[in-house]
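In what follows, a structure is listed as structure tokens, so that the remarks can point back to it.
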Amino acid sequence: MRVDKDARQLRELVWRFVLEERDQLAAINLSQNSRILEMMYRVGPMTQSTLGQILNFEKSWISRMVDQLVAEGWVERTPNPQDRRSNILVLTAAGQTHAKDIGTMFDKHARDVLDRVSDEARDELLRAMTHLGNALPPRAGHG
Numbered sequence: 027m028r029v030d031k032d033a034r035q036l037r038e039l040v041w042r043f044v045l046e047e048r049d050q051l052a053a054i055n056l057s058q059n060s061r062i063l064e065m066m067y068r069v070g071p072m073t074q075s076t077l078g079q080i081l082n083f084e085k086s087w088i089s090r091m092v093d094q095l096v097a098e099g100w101v102e103r104t105p106n107p108q109d110r111r112s113n114i115l116v117l118t119a120a121g122q123t124h125a126k127d128i129g130t131m132f133d134k135h136a137r138d139v140l141d142r143v144s145d146e147a148r149d150e151l152l153r154a155m156t157h158l159g160n161a162l163p164p165r166a167g168h169g
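Just so we're aligned: 45 in the working numbering is position 19 of the sequence shown, and the numbers increase by one with no gaps anywhere.
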């Protein structure tokens, strides 16, 4: 079926793009947590619970990941003025710089891929990506 083939092709294309980003992180000895930092840079301070909702990961995984980011000096926990039972996760100055650099690296990767496509095909691709983006439900932390 054509739809199945198209769906598979889309999944494989997205997966290849993500794998290239992972390879870039690994090449400069950065962990997947760096992707989380870049997302936090774009979204801003948030609770650990909100981070878990955005990433759709289990609380235990989020807790371990945040502990690691805090230990590395990228993130700090600050008291939540609205709820004493929770903390707000805030990027440190070093975390902000690191996250911005990662975002720049990811943007360059996307630009390099787009630059390999003809202008005409790129315009068509960007229109198609807009349609795909509109077909997806909105999600906090993305877009």
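The beta carbon of each residue, even a glycine, is placed where N, CA and C say it ideally should be.
Cross-strand partners of residue i (DSSP beta bridge)
| i | result |
| --- | --- |
| Thr130 | DSSP lists no partner for Thr130. |
| Asn113 | Pro105 |
Within 9 Å, strictly: CB atoms of residue i and residue j
| i | j | result |
| --- | --- | --- |
| Ile80 | Arg165 | yes |
| Met65 | Leu115 | no |
| Leu77 | Ile128 | no |
Range of the contiguous alpha helix (DSSP H) that encloses residue i
| i | result |
| --- | --- |
| Leu45 | 28-53 |
| Glu150 | 145-161 |
Reference residue i; option with closest CA among the options
| i | options | result |
| --- | --- | --- |
| Leu45 | Ala33, Arg34, Gln58 | Gln58 |
| Arg137 | Ile62, Leu152, Gln108, Gly159 | Leu152 |
| Arg61 | Trp41, Ala154, Ala120, Phe132 | Phe132 |
| Trp100 | Gln108, Leu63, Asn106, His135 | Leu63 |
Assigned secondary structure, residue i (DSSP; H/G/I helix, E/B strand, else coil)
| i | result |
| --- | --- |
| Thr104 | strand |
| Thr73 | strand |
| Asn82 | coil |
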